[in-house]
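S.K.: This is the structure I have questions about; it appears just below.
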Amino acid sequence: MVKQLKAIRDEVVVSMTASTKTDDQARAFGGRPVVEVAGVDKVYGNGTVALKEVNLTVGEGEFVSLLGPSGCGKSTLLRVMAGLGEASSGTVKWWEQDYQVVGQKGRKLAFVFQNATLMPWARVRKNVRLPLDLAHEHGEASEARIDQALEMVGLSKFGNAYPRELSGGMQMRASIARAMVTEPNLLLMDEPFGALDEMTRNRLNDDVLRLWKEKGWTVVFVTHSVYEAVYLSNRVVVMAARPGRVVEDVRIDAPYPRGAEFRVSTEFANYCRRVSLALEKASAQGEEDH
Amino acid sequence: MKQPLLQNERFVQIAAPLFVGVVFLCFWELAVRAAELPVYILPGPVAIAKSFVTDWAVLFHSLMMTLKVTLLAFVIAVVLGTAASLLFVQSRWIEVSLFPYAVLMQVTPIVAIAPLIIIWVKDTTWALTVCAVIIAIFPIISNTTLGLRSVDPNLMSMFRMYRTGRWQQLIRLRIPSALPYFFGGMRISTGLALIGAVVAEFVAGTGGSQAGLAYLILQAGYNLNIPRMFAALGLITVTGILLFALMVWLSDRVLRNWHESALKVEQ
Chain V
144 MVKQLKAIRD EVVVSMTAST KTDDQARAFG GRPVVEVAGV DKVYGNGTVA
194 LKEVNLTVGE GEFVSLLGPS GCGKSTLLRV MAGLGEASSG TVKWWEQDYQ
244 VVGQKGRKLA FVFQNATLMP WARVRKNVRL PLDLAHEHGE ASEARIDQAL
294 EMVGLSKFGN AYPRELSGGM QMRASIARAM VTEPNLLLMD EPFGALDEMT
344 RNRLNDDVLR LWKEKGWTVV FVTHSVYEAV YLSNRVVVMA ARPGRVVEDV
394 RIDAPYPRGA EFRVSTEFAN YCRRVSLALE KASAQGEEDH
Chain C
4 MKQPLLQNER FVQIAAPLFV GVVFLCFWEL AVRAAELPVY ILPGPVAIAK
54 SFVTDWAVLF HSLMMTLKVT LLAFVIAVVL GTAASLLFVQ SRWIEVSLFP
104 YAVLMQVTPI VAIAPLIIIW VKDTTWALTV CAVIIAIFPI ISNTTLGLRS
154 VDPNLMSMFR MYRTGRWQQL IRLRIPSALP YFFGGMRIST GLALIGAVVA
204 EFVAGTGGSQ AGLAYLILQA GYNLNIPRMF AALGLITVTG ILLFALMVWL
254 SDRVLRNWHE SALKVEQ
């Protein structure tokens with residue numbers, strides 16, 4: 144009975160999302176907005192429309208996944224949210240202000256790239272401390288933070304190793320430790336585990352969820368895996384390609400912590416089915432438009 | 004357990020070419036003796052070795068002169084070349100405006116401009132050095148510029164995200180990324196510095212106490228002292244090989260912890 148009610152409520156949420164503006168929706172989901180993307184277009188020099196009329200608001204403490212086929216502009220959107228690429232039109236706000244606010248206390252942003260993106264010439268510890276070095280933060284407090292970050296990703300013993308001596312999964316952990324060391328409030332992750340095997344990926348997913356809870360991060364996570372998106376997020380934003388746009392915003396209402404049981408539950412399967420359908424519909428639309 | 008000698012990678016790497024060399028020298032000596040060639044046409048290895056011993060004083064003195072010019076030119080080429088690359092990566096405009104002239108310098112035959120330089124620069128050592136720098140500098144400039152630009156774009160994005168200044172980007176990111184390319188440039192450049200020093204001396208043809216190996220070769224040619232000519236030539240070759248080996252060693256030492264070029268492939 145409860146399940147049925149829940150299912151009905153989810154349906155309502157989905158249909159609401161489809162019809163109402165996403166930023167209103169976000170306020171209902173999370174706390175105060177951390178990033179707000181409003182009417183953003185991104186057109187490249189060669190005329191490719193990477194993003195068209197994208198509206199998305201991520202509230203404090205949310206774990207939002209951007210899901211879509213390749214070429215739907217999800218990475219572009221993430222880069223716009225990181226301030227790495229400017230929008231052609233529309234506005235982006237961070238903590239309800241402009242980009243200048245990013246980096247101040249309580250408003251820190253970190254980015255995890257598709258590849259580990261470590262400096263091959265520097266030892267793991269040196270890599271992890273890079274953001275602190277760049278911010279000229281030295282001293283015992285920062286050393287302690289590096290230690291803590293390495294410990295949280297399970298690399299305490301590998302501080303003196305060079306990146307090439309680590310496996311792909313461990314390199315990715317080092318990359319996450321580097322993002323953590325600044326104590327970010329907003330963590331943007333661009334398909335961070337795409338290149339890893341499934342077992343490593345599952346383990347890292349659990350690590351990220353644990354840290355998200357512990358640290359109170361707001362996370363935006365780009366992926367092309369339906370399962371990963373559903374498992375991790377409390378909100379899955381489905382995007383379509385050509386031009387890149389948001390087509391659905393699905394709330395995943397399962398409680399945390401989510402473990403192995405969640406992966407095999409009917410609830411999980413139902414969410415996956417719904418997200419998959421949305422994705423298929425989005426792809427079909429893209430094909431037609433093309 | 005003791006490894007059979009022929010399966011020892013290092014041993015084979017040294018022994019195999021050495022074996023070929025010894026066979027070649029034996030064949031050379033035998034051929035010269037069989038054909039009864041006079042030493043002023045083609046001396047055998049034994050005659051050349053004798054010349055090494057008897058002429059060692061003059062050979063060594065010339066070697067030092069040539070080596071001085073080579074090393075001086077190499078150091079100047081590295082310093083100026085690196086400085087030029089650092090300048091080039093500061094702006095596309097600078098690179099676009101100046102790079103063609105670096106190429107121009109590279110493609111102009113040194114033999115053709117050496118006489119001019121020798122007229123302009125009074126001091127012989129410096130005149131030769133300038134010639135050697137002109138041909139040794141290009142690989143440094145082109146390789147280092149390429150290296151300074153070959154930065155992982157994501158790492159660069161990260162530096163930008165933390166609002167890092169140009170200087171920090173250069174020190175922490177561009178220079179380390181450029182090191183493998185830089186060392187590649189140095190390997191080529193040492194050989195070119197040596198060739199430049201020798202070629203310039205051929206053109207200059209200056210003797211006296213400043214005489215280097217090239218002048219020794221010229222002089223030996225006039226006197227039909229062919230064994231000494233070969234001995235001088237041998238010294239130039241050995242010097243070139245040693246300088247190259249030194250560069251390989253240096254690059255391996257610096258890059259061994261991280262760069263693919265310096266890693267041993269495990270079978």
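Each protein sequence line maps, in turn, to chains V and C. The opening residue of the first sequence carries number 144 in this note's numbering; numbering runs sequentially from there. The opening residue of the second sequence carries number 4 in this note's numbering; numbering runs sequentially from there. Glycine included, each C-beta is placed from N, C-alpha and C at the ideal position.
#1: Roughly how many angstroms lie between the CA atoms of residue 166(C) and residue 419(V), to the nearest whole one?
#2: Is residue 334(V) near residue 369(V), with beta carbons less than 8 Å apart?
#3: Taking the Cβ atom as the reference point for each residue, do residue 225(V) and residue 256(V) lie within a distance shorter than 8 Å?
#4: For residue 332(V), which of helix, strand or coil comes out of DSSP?
#5: Closest Cβ-Cβ distance between residue 327(V) and chain C: below 8 Å?
#6: In chain order, what residues of the same chain have a beta carbon less than 6 Å from the beta carbon of residue 217(V), not counting five sequence neighbours either side?
#7: What are the boundary residues of the alpha helix (DSSP H) that residue 276(V) is part of?
#8: Along the chain, where does the alpha helix (DSSP H) containing residue 388(V) start, and where does it finish?
#9: 8 Å is my cut-off, CB to CB: does residue 370(V) come that close to chain C?
#10: Does DSSP classify residue 169(V) as helix, strand or coil?
#11: Kindly identify the DSSP beta-bridge partner or partners of residue 208(V).
#12: Going along the stretch 156-170 of chain C in order, which residues come within less than 9 Å of chain V, judged by CB to CB distance?
#13: How many angstroms separate the CA atom of residue 174(V) from the CA atom of residue 194(V)?
#14: Inspect the beta-carbon positions of residue 80(C) and residue 136(C) and report whether they are closer than 8 Å.
#15: Excluding sequence positions up to five away, which residues of its chain have a Cβ less than 7 Å from the Cβ of residue 147(C)?
#16: Give a yes or no on whether 8 Å exceeds the smallest Cβ distance from residue 146(C) to chain V.
#17: Which chain C residues are close to residue 436(V), counting only those with a beta carbon under 9 Å from its beta carbon?
#18: Give the straight-line distance between the Cα atoms of residue 299(V) and residue 326(V), rounded to the nearest whole angstrom.
#19: For the stretch 376-402 of chain V, enumerate the residues whose C-beta is nearer than 7 Å to any C-beta of chain C, in chain order.
#20: Please confirm whether residue 152(V) has its beta-carbon closer than 8 Å to some beta-carbon of chain C.
#21: Kindly indicate which residue of 252(V), 243(V), 337(V) has the alpha-carbon position closest to the one of residue 213(V).
#22: Do residue 21(C) and residue 14(C) count as a contact pair if the criterion is CB distance below 8 Å?
#23: Under a Cβ-count criterion, where at least 16 other Cβ atoms within 10 Å of its own Cβ denotes burial, should residue 153(C) be classed as buried or exposed?
#24: Look at the Cβ atom of residue 192(C), then the Cβ atom of residue 117(C), and state whether they are nearer than 8 Å.
#25: Look at the alpha carbon of residue 156(C) and the alpha carbon of residue 29(C), and state the distance between them as a whole number of angstroms.
#26: Nearest chain V C-beta to residue 7(C) closer than 8 Å, yes or no?
#27: With DSSP run on the structure shown, which of helix, strand or coil describes residue 247(V)?
#28: Any C-beta of chain V sitting closer than 8 Å to the C-beta of residue 151(C)?
#29: Take every Cβ of the stretch 238-249 of chain C, pair it with every Cβ of the stretch 167-181 of chain C, and state whether three or more of those distances are shorter than 8 Å.
#30: Can you tell me the Cβ-Cβ gap for residue 234(C) and residue 51(C), rounded? I've got them flagged as a contact below 8 Å.
#31: With 8 Å as the threshold, decide whether the Cβ of residue 256(V) is near any Cβ in chain C.
#32: Measuring straight from C-alpha to C-alpha, what distance separates residue 164(V) and residue 181(V)?
#33: According to DSSP, is residue 164(V) part of a helix, a strand, or is it coil?
#34: Taking 8 Å as the CB-CB limit, is residue 41(C) close to chain V?
#35: What span of residues does the alpha helix (DSSP H) with residue 345(V) cover, start to end?
#36: Tell me, please, whether the CB atom of residue 179(C) is closer than 8 Å to any CB atom in chain V?
M.R.: In short, the structure shows the following:
#1: 39 Å
#2: no
#3: Taking the C-beta atoms as reference points, residue 256(V) is found no nearer than 8 Å to residue 225(V).
#4: Shown here, residue 332(V) sits in a strand according to DSSP, grouped into three states.
#5: no
#6: 209, 211, 365, 382
#7: 273-277
#8: Counting along the chain, residue 388(V) falls outside any alpha helix (DSSP H), though it belongs to the beta strand (DSSP E) covering 388-394.
#9: Contact with chain C is absent for residue 370(V), since none of that chain's Cβ atoms lies less than 8 Å from the residue's Cβ.
#10: Low confidence applies to residue 169(V): its pLDDT is 43, below 50, so where it sits in the model is not reliable enough to give any reading.
#11: 364(V), 379(V)
#12: 157, 158, 160, 161, 162, 163, 164, 165, 166, 167
#13: 26 Å
#14: Yes, these two residues count as a Cβ contact at 8 Å.
#15: Same-chain partners within the cutoff: 84, 85, 88, 181, 184, 185, 188.
#16: Residue 146(C) does not count as touching chain V.
#17: There is simply no residue 436(V) to check, as chain V begins at 144 and stops at 433 in what is shown.
#18: 18 Å
#19: none
#20: Caution applies to residue 152(V), whose pLDDT of 48 falls short of 50 and renders its modelled position unreliable; the model cannot decide the point.
#21: 337(V)
#22: At the C-beta level, residue 14(C) and residue 21(C) stay beyond 8 Å of one another.
#23: exposed
#24: no
#25: Their Cα atoms are separated by approximately 56 Å.
#26: Residue-level contact by beta carbon fails for residue 7(C) and chain V, as no gap is shorter than 8 Å.
#27: coil
#28: no
#29: no
#30: 6 Å
#31: yes
#32: With a pLDDT of only 42 at residue 164(V), under 50, the local geometry of the prediction cannot be trusted, and the value read off the model is given with reservation. Spanning the two alpha carbons is a distance of roughly 10 Å.
#33: At residue 164(V), the pLDDT of 42 sits below 50, so the modelled position is not reliable; the number obtained from the coordinates is stated separately. Coil.
#34: no
#35: 341-358
#36: yes
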